[in-house]
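Just so you know, my numbering puts 150 at position 137 of the sequence shown, and the rest follows in order with no gaps. Yeah, the Cβ is synthetic: ideal placement off N, Cα and C, and Gly gets one too.
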Amino acid sequence: MNILIVDDEKKLGVLFSRALRGAGFSAKAVETGERAIESLEQGFDLVITDMKMPGMNGIELLRKIKEDYPDTVVVMMTAHGTVETAVEAMKAGAYDFLLKPFPTDELLLLAHHIAEELQLQQEIEYRRKRERERFGNIVGKSDEMKQIFTLIEKVAPADATVLILGETGTGKELVARAIHERSQRAKKPFVAINCAAITETLLESELFGYEKGAFTGADRRKPGMFELANGGTLLLDEIAEMPQSLQAKLLRVLQEKTVYHLGGTVPIPVDVRVVAATNKDIKKLVSERKFREDLYFRIAVFPIKLPPLRMRKKDIMLLVENYFRKRAIDIEVSPEAEELLTEYNFPGNVRELENILERALILSGGKRITPEHLPDLEIAIAESASVEPGETTLGELEKKMLISALEKAGGNKSKAAKLLGITRRMIYTKLKKYELE
Ligand SMILES: Nc1ncnc2c1ncn2[C@@H]1O[C@H](COP(=O)(O)OP(=O)(O)OP(=O)(O)O)[C@@H](O)[C@H]1O
Ligand SMILES: [Mg+2]
14 MNILIVDDEK
24 KLGVLFSRAL
34 RGAGFSAKAV
44 ETGERAIESL
54 EQGFDLVITD
64 MKMPGMNGIE
74 LLRKIKEDYP
84 DTVVVMMTAH
94 GTVETAVEAM
104 KAGAYDFLLK
114 PFPTDELLLL
124 AHHIAEELQL
134 QQEIEYRRKR
144 ERERFGNIVG
154 KSDEMKQIFT
164 LIEKVAPADA
174 TVLILGETGT
184 GKELVARAIH
194 ERSQRAKKPF
204 VAINCAAITE
214 TLLESELFGY
224 EKGAFTGADR
234 RKPGMFELAN
244 GGTLLLDEIA
254 EMPQSLQAKL
264 LRVLQEKTVY
274 HLGGTVPIPV
284 DVRVVAATNK
294 DIKKLVSERK
304 FREDLYFRIA
314 VFPIKLPPLR
324 MRKKDIMLLV
334 ENYFRKRAID
344 IEVSPEAEEL
354 LTEYNFPGNV
364 RELENILERA
374 LILSGGKRIT
384 PEHLPDLEIA
394 IAESASVEPG
404 ETTLGELEKK
414 MLISALEKAG
424 GNKSKAAKLL
434 GITRRMIYTK
444 LKKYELE
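Put into structure tokens, the structure is as follows:
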């Protein structure tokens with residue numbers, strides 16, 4: 014804690030500041046209110062000022078401090094017989110007052126007390142800030158992620174089908190879980206199935222279950238994912254990879270809210286909220302007739318599109334901090350390493366960031382991450398920066414510059430224009446030219 018003593022009696026100022034320094038604080042003494050004002054820019058947490066001083070008196074100084082540095086704590090020192098002014102000082106925002114003469118121990122006790130209180134306040138403030146920058150397990154302080162948090166909050170209790178879109182590693186599964194956890198179904202199961210990872214027949218039997226003898230190897234009756242998720246939420250991950258024949262069956266289940274086991278004839282009612290996720294451009298697949306349009310409309314009731322990490326660079330260092338904190342690792346990231354991390358474009362998004370950090374952690378030995386622990390990033394950034402004539406055309410280059418400026422500016426067109434040194438109007442023209450809107 015940084016303390017400023019203001020007393021026109023030089024001897025006292027020296028005495029107090031020395032005692033405070035002896036107790037581990039950093040302290041400085043000045044002799045007038047005017048000098049105190051000048052010193053405040055250096056940043057003091059606590060000002061202990063005498064009341065009666067030639068020139069600016071203690072009350073005047075207090076008022077000025079409260080105006081310009083409202084967070085600075087002020088303690089008044091008053092002599093006997095000026096209790097009324099002490100009351101006035103308290104009203105004007107003084108934290109406490111010391112009645113002169115007082116033993117230095119009393120001063121130290123008060124300073125320690127204030128230091129503790131300030132630290133507590135800082136911790137509370139820090140936690141509040143952290144809370145604002147996260148949504149359950151999902152962290153983000155960019156406007157893009159804040160919008161996502163709002164969407165999740167709105168859709169979670171609504172029980173609607175949700176389609177989560179976004180590049181690989183952007184946190185689609187995390188969002189699906191957050192939706193489940195904030196719905197009325199939270200206490201019921203959350204079941205996830207990856208539609209891309211298994212063969213068509215296996216996927217079908219996994220989803221809908223089967224009767225004994227339904228196929229070779231079906232030596233017992235087995236419930237499907239829909240039944241296992243009953244009352245809860247079913248995440249159909251990589252939905253775009255689902256074979257067409259299964260898409261038709263899935264649509265029927267969604268509409269009728271009943272499933273039939275493979276080889277079964279008895280309808281089984283299921284109450285399941287479906288959340289689907291994909292990193293594919295599913296709309297395009299629909300237009301190419303690779304994904305059933307009717308199923309698309311059934312699941313795309315409420316789409317949530319997760320922005321790629323390169324469009325929300327503000328979140329990168331927050332994710333870095335979060336990654337190490339959730340694993341209870343105390344490690345420093347050098348400013349140069351931070352620069353590399355924020356410059357890199359992360360085609361694999363948060364998952365790639367986590368892998369890079371994992372590797373850097375091992376390479377660094379766990380104390381401090383520097384650029385040498387991020388070798389791939391340096392290469393990738395260097396490669397994307399240098400181009401030779403013949404390798405690309407001017408138009409291509411301009412398009413690339415536009416994209417990267419937009420990314421750097423977080424999608425803000427005015428900022429991007431500034432980065433490129435062109436007018437706002439020009440950027441709109443160019444965006445149109447390259448069909449980047
Ligand atoms: N906003 C975030 N805050 C904290 N962790 C995140 C965030 N986004 C992603 N992660 C982490 O990144 C990793 C990848 O996230 P997730 O598996 O949800 O991505 P995905 O979009 O489902 O990827 P894929 O398309 O490859 O399946 C996970 O370890 C997840 O915890
Ligand atoms: Mg996933």
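Would you say residue i touches ligand 2, meaning its beta carbon is less than 8 Å from a heavy atom?
i	result
D389	no
E186	yes
A210	no
A290	yes
D58	no
D156	no
D250	yes
With residue i and residue j assumed to form a contact (beta carbons below 8 Å), what rounded beta-carbon distance in angstroms separates them?
i	j	result
A313	L248	No, A313 and L248 are not in contact; Cβ-Cβ is about 15 Å, not under 8 Å.
K318	A253	Incorrect: roughly 14 Å between the Cβ atoms, too far for contact.
M69	T98	Not a contact, Cβ separation roughly 14 Å.
R325	G153	7 Å
A105	K79	7 Å
R372	E345	With a Cβ gap of about 17 Å, R372 and E345 do not count as contacting.
P384	E349	5 Å
In angstroms with no decimal places, state the Cα-to-Cα distance between residue i and residue j.
i	j	result
E448	E411	13 Å
D118	D156	50 Å
L259	F359	34 Å
G424	D343	33 Å
L120	V88	10 Å
L332	Q160	17 Å
F148	F162	6 Å
K445	P316	26 Å
E129	E22	29 Å
A38	E351	Checking the sequence shown, residue 38 turns out to be Phe, not Ala. When rounded, the distance between both Cα atoms is 32 Å.
P116	L366	57 Å
M90	R140	34 Å
L354	V100	54 Å
G46	S347	41 Å
L59	G71	14 Å
A209	N15	60 Å
T181	A289	14 Å
S196	A171	8 Å
T183	L433	28 Å
E186	L176	11 Å
Q134	T85	13 Å
E301	Q257	13 Å
E409	S417	12 Å
H274	K297	32 Å
N150	P321	18 Å
M414	R323	14 Å
Grab me the residues of residue i's own chain with a C-beta within less than 8 Å of its C-beta, minus the 5 sequence neighbours each way, in chain order.
i	result
K245	It should be noted that the sequence gives Gly, not Lys, for residue 245. Cβ neighbours of G245 beyond the five flanking positions: H193, R198, K201, P202, F203, V204, V285, R286.
E240	G222, V272, I281, V283
R311	T174, L264, L267, Q268
G56	N15
S52	L17, K41, V43
So who's on the other strand from residue i, going by DSSP bridges?
i	result
A290	I177
D250	N207
V43	V19
A92	K113
F315	V175
P236	G222
P282	T271
Confirm the yes/no value for this check: CB of residue i, any heavy atom of ligand 1, distance under 8 Å.
i	result
E371	no
G182	yes
E367	yes
G179	yes
D328	yes
G153	yes
V87	no
L332	yes
R364	yes
L374	no
L432	no
N15	no
L319	yes
Who are the near neighbours of residue i in its chain, counting only those whose CB is closer than 6 Å to its CB and skipping five residues on each side?
i	result
G26	I18, D20, A42
E306	V299
L220	G237, M238
S377	H386
Enumerate in chain order the residues of its own chain whose CB-to-CB distance from residue i is below 7 Å, with the five nearest sequence positions on each side excluded.
i	result
Y336	E367, L370
D109	V88, L123
G361	T181, G182
K77	I50
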